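The numbering used here numbers the first residue of the sequence shown as 5 and each following residue consecutively.
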Amino acid sequence: MDCFYAAIELRERPELRGQPVAVGGRRRGVLTTCNYEARKYGCRSAMPTFQAMRLCPDLVVLPVRF
Numbered sequence: 005m006d007c008f009y010a011a012i013e014l015r016e017r018p019e020l021r022g023q024p025v026a027v028g029g030r031r032r033g034v035l036t037t038c039n040y041e042a043r044k045y046g047c048r049s050a051m052p053t054f055q056a057m058r059l060c061p062d063l064v065v066l067p068v069r070f
């Protein structure tokens, strides 16, 4: 359950599999969750988005849809 929202997004968008993906706010927000590929770079839930983007420049940040 720790990357539930990211897993749902990957189910809906299979072309993103294998890429670091996070769900959350844009530059001024925080990550709600991220997948394991993003975690390899040090990204975590509740991390500011700008900080996650510094750790992982290829991070795909998707908007929250709940």
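Heads up, the beta-carbon is just placed ideally off N, CA and C, and yes, glycines get one too. Because the structure is a prediction, the values reported are computed rather than measured.
To the nearest angstrom, how far is it from the Cα of residue i to the Cα of residue j?
| i | j | result |
| --- | --- | --- |
| proline 24 | arginine 32 | 19 Å |
| valine 34 | isoleucine 12 | 18 Å |
| glutamate 16 | arginine 69 | 12 Å |
| isoleucine 30 | threonine 36 | Per the sequence presented here, residue 30 reads as arginine, with isoleucine not at that position. Their Cα atoms are separated by approximately 11 Å. |
| alanine 50 | glutamate 19 | 25 Å |
| proline 52 | leucine 14 | 21 Å |
CB residue i to CB residue j, shorter than 9 Å?
| i | j | result |
| --- | --- | --- |
| alanine 26 | alanine 56 | yes |
| tyrosine 45 | leucine 63 | yes |
For residue i and residue j, which I take to be in contact (beta-carbon distance under 8 Å), what is that distance rounded to the nearest angstrom?
| i | j | result |
| --- | --- | --- |
| glutamate 41 | glycine 28 | Glutamate 41 to glycine 28, Cβ: 15 Å. No contact. |
| cysteine 47 | cysteine 7 | Not quite, the Cβ-Cβ distance comes to about 11 Å (not below 8 Å), so this is no contact. |
Confirm the yes/no value for this check: CB of residue i, any heavy atom of the ligand ZN, distance under 8 Å.
| i | result |
| --- | --- |
| threonine 53 | Absence of the ligand ZN from the depicted structure is noted, as is the absence of any ligand whatsoever, leaving it without description. |
Quick one: complete alpha helix (DSSP H) runs, 4+ long, within the segment 19-66? Listed in chain order, the complete alpha helix (DSSP H) runs (minimum 4 residues) inside the segment 19-66 are 40-43, 53-59.
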